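In UniProt numbering, the protein residues as written are 1 to 535.
A quick write-up on the structure given underneath.
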């Protein structure tokens, strides 16, 4: 009934009546995502009628109402088959200002029309293969990049940027050819990186260092959404960029990694939005060549070094909370390098472990990133080793028992998901400089057996990568307990009493004869005794 009434007014009514009936339809079906198949033909005709109305010279408010209803109807894939034509796509491109030769977006009254047109294009491209082919023919990716350049430095049109980026993400997701076009022909890497810089309001203090205001306000919801869409689009653009071929590529990736470092050190409007923002930053960092990840850490300035050395001494003895804050911040410094971003990644990894689900999608990217960073960059590895595998003191509990990061990672080494347990074991192995004896000290032989078997290191040794010489980090407590540590379980066990000590001579003789009889039975089944005895 709703479709019939709307269709009748759209076909015969004037702009005011069309606007009213479509606004009512939109309000009623705003949250509708599943449609009745019986009204499918009516919805198709309503779509066709709306496109005809959009060809006319109608007020902006009527255009918005038409586009809102079209966006709702475009959720139904079957409706899109007859209405997805080149002519209709061009109508939406015109309304979204994607065909404009003018380099400016001055008419604020047109912004709602642009946003709704982009929303419609997102739905149509996602749900229609015909629209995906037409987007290639109409060179939609280039038009979207051009629109981004028009509004990249203008914060009051974040909605336009957000849905422009979302459409760019969808196109690069659905077409591998567009990824290549974005990367090389359209210079998508620097363009999207600049969009992120604008969203984060970055102020550069050095070539790859930005100013961080820890006391500043969080990102607004609009800035956060815009940044997330840009991160997703950048992921698609860089998905095959694991190796740097030119110096210009290296510079671009370092700038992007510096922007992502800034991203990790800021927060969104809510905790969930912050996690989503950081999650997309981690995914994108996984695409950055590992040689360019050195910008995640940076040297402390002379002022920061002096402040760190004097602040603790200047605080009065009764300022316990302030001293704890200073000590907490000092743990993010290692060997004169600022490790804040790595510390955020470590905390992010621990939160994903604590969730206890979706390890494959949520945990493996950050674990893989930390593993590669540790393998390639000495300071990062030593800082993470200090945080994850500090010198052992109490070895009375098994390595997998407890609430420390080490305990959680060791538990993952025996996870049912092969990919999860492999990357968790690999991370700990790299922190141990790929030395078997060092790994066994922290995990026990039983937990590490899977990794060692896969690498052919069950008999000991070390991996293929070269690391600096080992330093003796064993504590006195560990050295004293070491002779009594069970190598299989990795924890201290009290010496077991010798059962023979409490036997009489007759009992000892009985047990000895029992063993002889057992060996005699085994030998009759052609099992060589010397093999059993290890000769």
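Here a beta-carbon is modelled for each residue, glycine too, at the ideal position from N, C-alpha and C.
Note that the structure is a prediction, hence the values are computed from the model and not measured.
Starting from residue i and walking both ways along the beta strand (DSSP E), at which residues does that stretch end?
i: residue 354; result: No beta strand (DSSP E) contains residue 354, which is instead part of the alpha helix (DSSP H) from 340 to 355.
i: residue 274; result: Careful: residue 274 lies outside any beta strand (DSSP E), inside the alpha helix (DSSP H) at 271 to 285.
In the structure shown, what three-state DSSP assignment does residue i receive?
i: residue 328; result: Any answer about residue 328 is weak, because its pLDDT of 48 lies below 50 and its placement is not dependable; what the coordinates show is given next. The answer is helix: DSSP assigns residue 328 an H, G or I state.
i: residue 365; result: helix
i: residue 220; result: coil
i: residue 19; result: helix
i: residue 485; result: strand
i: residue 492; result: strand
i: residue 395; result: coil
i: residue 30; result: coil
i: residue 462; result: strand
i: residue 531; result: Any reading at residue 531 needs caution, since the residue's pLDDT is 49, under 50, leaving its predicted position unreliable; the model's value is listed next. It is helical.
i: residue 497; result: coil
i: residue 60; result: helix
i: residue 415; result: coil
i: residue 311; result: Summary for residue 311: the model assigns pLDDT 45, below 50, so the residue's position carries little reliability, and this model does not support an answer.
i: residue 107; result: coil
i: residue 228; result: helix
i: residue 248; result: helix
i: residue 291; result: helix
i: residue 429; result: helix
i: residue 317; result: Any reading at residue 317 is ruled out, since the residue's pLDDT is 49, under 50, leaving its predicted position unreliable.
i: residue 260; result: helix
i: residue 193; result: helix
Between the options, which has its C-alpha nearest residue i's C-alpha?
i: residue 397; options: 428, 488, 349 and 384; result: 488
i: residue 50; options: 508, 512, 358 and 8; result: 8
i: residue 87; options: 27, 126, 75 and 138; result: 138
i: residue 44; options: 447, 6 and 258; result: 6
i: residue 109; options: 61, 91 and 345; result: 61
i: residue 495; options: 486, 503 and 502; result: 486
i: residue 211; options: 249, 158, 265 and 183; result: 265
i: residue 70; options: 99, 98, 192 and 19; result: 19
i: residue 26; options: 197, 67, 219 and 56; result: 67
i: residue 226; options: 354, 151 and 22; result: 151
i: residue 474; options: 24, 182, 389 and 420; result: 389
i: residue 336; options: 342, 348, 347 and 299; result: 299
i: residue 125; options: 80, 481 and 254; result: 80
i: residue 344; options: 368, 296, 446 and 181; result: 296
i: residue 371; options: 395, 354, 346 and 361; result: 346
i: residue 415; options: 450, 393, 391 and 385; result: 450
i: residue 112; options: 96, 203 and 262; result: 96
i: residue 392; options: 457, 440 and 423; result: 440
i: residue 353; options: 166, 402, 412 and 395; result: 412
i: residue 229; options: 404, 166, 340 and 119; result: 166
i: residue 457; options: 477, 435 and 444; result: 435
Tell me whether residue i is buried or exposed, calling it buried when 16 or more other Cβ atoms sit within 10 Å of its Cβ.
i: residue 490; result: buried
i: residue 63; result: buried
i: residue 313; result: Because residue 313 carries a pLDDT of 46, less than 50, the predicted location of this residue cannot be relied on, and no value is offered for it.
i: residue 442; result: buried
i: residue 14; result: exposed
i: residue 359; result: buried
i: residue 260; result: buried
i: residue 516; result: exposed
i: residue 65; result: buried
i: residue 199; result: buried
i: residue 280; result: buried
i: residue 334; result: buried
i: residue 377; result: buried
i: residue 507; result: exposed
i: residue 328; result: Confidence in residue 328 is poor, its pLDDT being 48 and thus under 50, which makes the residue's placement unreliable; the coordinate value appears in the next sentence. Per the 10 Å Cβ criterion, exposed.
Pull the bridge partners of residue i from the DSSP assignment, please.
i: residue 298; result: 338
i: residue 206; result: 209
i: residue 333; result: 338
i: residue 375; result: In the DSSP output, where bridge partners are listed per residue, residue 375 has none listed.
i: residue 435; result: 462
Going by DSSP, what residue range makes up the alpha helix (DSSP H) through residue i?
i: residue 158; result: 158 to 174
i: residue 450; result: 445 to 455
i: residue 2; result: 2 to 12
i: residue 184; result: No alpha helix (DSSP H) holds residue 184; DSSP gives it neither H nor E.
i: residue 96; result: No alpha helix (DSSP H) contains residue 96, which DSSP labels as neither H nor E.
i: residue 76; result: Element bounds for residue 76: n/a, residue is neither H nor E.
i: residue 53; result: 40 to 54
i: residue 111; result: 111 to 127
i: residue 506; result: 505 to 524
i: residue 146; result: 140 to 151
Indicate, with yes or no, if the ligand SAH has a heavy atom lying under 8 Å from the CB of residue i.
i: residue 27; result: In the structure shown, the ligand SAH is absent, as is every other ligand, since no ligand is present at all.
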